[in-house]
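Residue numbers (our numbering), protein chains in the order written: chain X, 263 to 471; chain H, 263 to 471.
Just so it is clear, CB atoms sit at the ideal spot from N, CA and C, and this is done for glycine as well.
This report refers to the structure that appears directly beneath it.
Number of protein chains: 2
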Amino acid sequence: MGNVFISIGLTLDGFLAPEGMTMDDPGHRNWGAKWGALMAWIINQQYFRDKLKLGPGGETGPVNDRVRQTFERTGANIMGKRMFDQGEASWPEEAPFHTPVYVLTHTKRDPWVRPGGTTFHFIPDGPERALALAREAAGDRDVRISGGAKVIQQYLNLGVIDEMEIALAPVFFGAGRRLFENLDEPAPQFRIESVLNGSFATHLRYVRL
Amino acid sequence: MGNVFISIGLTLDGFLAPEGMTMDDPGHRNWGAKWGALMAWIINQQYFRDKLKLGPGGETGPVNDRVRQTFERTGANIMGKRMFDQGEASWPEEAPFHTPVYVLTHTKRDPWVRPGGTTFHFIPDGPERALALAREAAGDRDVRISGGAKVIQQYLNLGVIDEMEIALAPVFFGAGRRLFENLDEPAPQFRIESVLNGSFATHLRYVRL
Chain X
263 MGNVFISIGL TLDGFLAPEG MTMDDPGHRN WGAKWGALMA WIINQQYFRD
313 KLKLGPGGET GPVNDRVRQT FERTGANIMG KRMFDQGEAS WPEEAPFHTP
363 VYVLTHTKRD PWVRPGGTTF HFIPDGPERA LALAREAAGD RDVRISGGAK
413 VIQQYLNLGV IDEMEIALAP VFFGAGRRLF ENLDEPAPQF RIESVLNGSF
463 ATHLRYVRL
Chain H
263 MGNVFISIGL TLDGFLAPEG MTMDDPGHRN WGAKWGALMA WIINQQYFRD
313 KLKLGPGGET GPVNDRVRQT FERTGANIMG KRMFDQGEAS WPEEAPFHTP
363 VYVLTHTKRD PWVRPGGTTF HFIPDGPERA LALAREAAGD RDVRISGGAK
413 VIQQYLNLGV IDEMEIALAP VFFGAGRRLF ENLDEPAPQF RIESVLNGSF
463 ATHLRYVRL
């Protein structure tokens, strides 16, 4: 059975998304520039540029290898309804997952098949059921809890997250969606597994104790 | 003229002190254990053990060198009244600063001279005046903004912090005093200067852009 992991960009003040980040108002509170500063590290990786068709070039070192591994080891994704809704409005026709994606929701909906191997399944039966389905679909590969923050918090509180990859960027958002809050006590325990240095982020990898 | 810097331990969820941390109630919300987990990395450094008379042993590698440099380059400290009050009740006779310390306060008080080179000066004229006095006292050496969180935030908002040393520990406090909040927009900008790996914390060093 594979691992359950998160892989997320985080600001120094603990946010994974800036306040006011909605596709219908790209200028609101300057969220576009803030988001760009947080994502600068990955926009600059060759594998990511290639996958998202952002054009040629990009770094090919250890950070790029990490990005490739993260994509390649993922056999299924889980995400919240809010993240899905935002993505539905902005992903390209070929959604960038290329695996089954389990969307936590309260409303039933038929699976939505996209070109390139991404199929969205809508799961109204809670996070544990979604994880069981994702594990089955992933087989030997890993399950990525894609987000948002509240979904990651649910799985942290269930004690099932084996690994956390965090790209910590020297950026302040001031407000937005915080990754690490609403955790039950005693909180889950992790140890530092490895650290990769980059110019725009520090790539921290933690594994569960 | 020297630099102005902070050097602080931080949890993954962004706290520098756990909720309920008061000397008169050491069991409150398990704060002692939480604090111990955050401070594990430094308790284990030879220089720190020696300076605080915690007994022999400890690591002597690059993290220990960093701890020594941090102490040795500091020519003056600045702290808030709350941090001073807690310390006044718990520091040993020989307070662990060995420099002039400028305490931001609203009440006048004569300087308080401790054995070992620490003299506390009480400054009711605001953070900029305290910094001017600290710079003068430090000469070529650096000024450390010791804490707490609100004092560091004041100096970040003044735009005078040149460097941030952050020991990021894989620990969750859930609640407590948050380091990075109440920052004005646009927020101060930093770049990653270096990263040192340790078992109990990742030692991030940022410098102002």
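Excluding its 5 nearest sequence neighbours in each direction, G317 of chain X has C-beta neighbours in its own chain below 8 Å: R311, listed in chain order. Within the same chain, Cβ atoms closer than 6 Å to the Cβ of A302 of chain X are found at F462, the five residues on either side in sequence being excluded.
Per DSSP, D404 of chain H lies in no alpha helix (DSSP H); the unbroken beta strand (DSSP E) holding it starts and ends at 404–409. Cα atoms of H368 of chain X and Q451 of chain X: separation of roughly 31 Å, rounded to the nearest angstrom. A direct Cα-Cα distance of roughly 16 Å separates Y468 of chain X from Q331 of chain X.
In this structure, the straight-line span from the alpha carbon of L418 of chain H to that of F382 of chain X is close to 44 Å.
The distance from the Cβ of L274 of chain H to that of L430 of chain H is about 7 Å, consistent with a contact at the 8 Å cut-off. In the displayed model, T332 of chain X falls within a helix according to three-state DSSP. Distance from the CA atom of A357 of chain X to the CA atom of G378 of chain X, rounded to whole angstroms, is 7 Å. Taking 9 Å as the cut-off, the beta carbon of V405 of chain H is found no closer than this to the beta carbon of L420 of chain H. A straight-line Cα-Cα distance of about 12 Å links R291 of chain H and A279 of chain H. Judged by DSSP in its simplified three-state form, H360 of chain H adopts coil rather than helix or strand. Close to L445 of chain H, with beta-carbon spacing below 7 Å, are these residues of chain X in chain order: F434, G436. Within the stretch 364–381 of chain X, no residue places its CB atom closer than 9 Å to a CB of chain H.
Taking a Cβ-Cβ cut-off of 7 Å, the neighbours of R453 of chain H in chain X comprise P432, given in sequence order. Residue state for F310 of chain X is assigned as helix, using DSSP reduced to three classes. With a cutoff of 9 Å on beta-carbon distance, A396 of chain H and A338 of chain H are scored as near each other. D404 of chain H has a beta carbon lying at 9 Å or more from every beta carbon in chain X. The criterion of a C-beta distance shorter than 9 Å is not satisfied by V325 of chain X and Q348 of chain X.
Counting of Cβ neighbours within 10 angstroms places V375 of chain X among the exposed residues, the total staying below 16. Within the model, the alpha-carbon separation for F434 of chain X versus D327 of chain H is close to 29 Å. Here A400 of chain H is buried. Its C-beta has 16 or more other C-beta atoms within 10 Å.
In this structure, G409 of chain H keeps its C-beta atom at 9 Å or more from the C-beta atom of I304 of chain H. In this structure R371 of chain X is exposed. Its beta-carbon is surrounded by fewer than 16 other beta-carbon atoms within 10 angstroms.
Rounded to the nearest whole angstrom, the CA to CA distance from M283 of chain H to A351 of chain H is 13 Å.
If you draw a straight line from the Cα of R453 of chain X to the Cα of L272 of chain H, it comes to about 15 Å. A check of alpha carbon separations from K315 of chain X across X:E355, X:E390, X:I414 identifies X:E355 as the nearest.
The Cβ atoms of E443 of chain X and G436 of chain H lie closer than 9 Å to each other.
The beta carbons of Y309 of chain X and I340 of chain X sit about 22 Å from each other, so the pair does not count as a contact at 8 Å.
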